[in-house]
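Okay, so here's the structure we're looking at.
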Amino acid sequence: MGVLNSYEKLIKLSDGTASKPRTQAGGWSYVEQLPDWIELQRSALHEKVEEDLAVLVAKSCNDDPEKRAERLKVAPKRPEKVQTTSVSYLRNPDAIAEVLKRANGKCEDCRQDAPFIRRKDNTPYLEVHHKKRLADDGEDSVENAMALCPNCHRKAHYG
1296 MGVLNSYEKL IKLSDGTASK PRTQAGGWSY VEQLPDWIEL QRSALHEKVE
1346 EDLAVLVAKS CNDDPEKRAE RLKVAPKRPE KVQTTSVSYL RNPDAIAEVL
1396 KRANGKCEDC RQDAPFIRRK DNTPYLEVHH KKRLADDGED SVENAMALCP
1446 NCHRKAHYG
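Heads up, the sequence shown is in the working numbering, so the first residue is 1296 and it goes up one at a time.
In structure tokens:
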């Protein structure tokens, strides 16, 4: 038995059957909304996959370089694909704009200038980070957000 893909948990309202992977565009089906508890399960699953990968990378870094080279010779060149379902938040554009204006082109953590200018609109590139995650019932507000350079944003999540 293979891994249960996220689309297999969706049930079509029209006939009650499980959704299947698409092989071509078109033929939309209405599906029931996933219950709230699935979001938590997905989040925990995603974190578990990332943690497992981090353990394997650390093990590989500490392994004999010759053994790693041998494994690389026979390893697939294309990674295995998995289909996932994610939850997104419709963010408040005014809160984002206000946080970016407040930062005035400087990271609100390290205080350095933004690392580059966006090609599309010539604005300093900073990422808006929520101090309390939206997934943890944090507010999408100016008070709960800060503009960070990509390095500080990663540090906030993984440092």
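Where is the CB? At the ideal position from N, CA and C, for every residue including glycine.
These numbers were taken from a predicted model, which means no experiment stands behind them.
Residue closest to residue i, alpha-carbon to alpha-carbon, out of the options
i, options, result
"Thr1418", "Asp1404, Leu1351, Glu1438 and Lys1396", "Lys1396"
"Leu1443", "Val1377, Lys1426 and Arg1363", "Lys1426"
"His1341", "Ser1381, Arg1428, Asn1387 and Asp1431", "Ser1381"
"Val1377", "Val1344, Asp1310, Thr1312 and Ser1436", "Val1344"
"Asn1439", "Glu1393, Lys1372 and Gly1400", "Glu1393"
"Asp1435", "Ala1390, Asn1446, Gly1454 and Arg1363", "Ala1390"
"Pro1445", "Gln1407, Asp1416, Lys1415 and Leu1429", "Gln1407"
"Arg1386", "Ala1349, Ala1451, Arg1428 and Ser1355", "Arg1428"
Per DSSP, cross-strand counterpart(s) of residue i
i, result
"Ile1412", "Pro1419"
"His1424", "Met1441"
"Lys1401", "Asp1408"
For residue j and residue i, the rounded distance between their alpha carbons
i, j, result
"Gly1359", "Val1369", "Note that residue 1359 is Asp in the sequence shown here, rather than Gly. Rounded to the nearest angstrom, the two C-alpha atoms are 16 angstroms apart."
"Glu1346", "Val1352", "10 angstroms"
"Val1423", "Asn1357", "35 angstroms"
"Arg1449", "Ala1398", "18 angstroms"
"Arg1413", "Tyr1420", "6 angstroms"
"Tyr1384", "Asp1404", "24 angstroms"
"Val1437", "Glu1375", "40 angstroms"
"Met1296", "Ala1409", "In this prediction, Met1296 has a pLDDT of 38, which is less than 50 and means its spatial position is unreliable; what the coordinates show is noted afterwards. Roughly 49 angstroms separates the two Cα atoms."
"Asp1431", "Glu1365", "43 angstroms"
"Asp1416", "Gly1400", "13 angstroms"
"Lys1362", "Tyr1453", "29 angstroms"
"Lys1354", "Thr1312", "43 angstroms"
Distance cut-off 6 angstroms: residue i Cβ against heavy atoms of the ligand ATP
i, result
"Lys1415", "This structure lacks the ligand ATP; in fact it carries no ligand of any kind."
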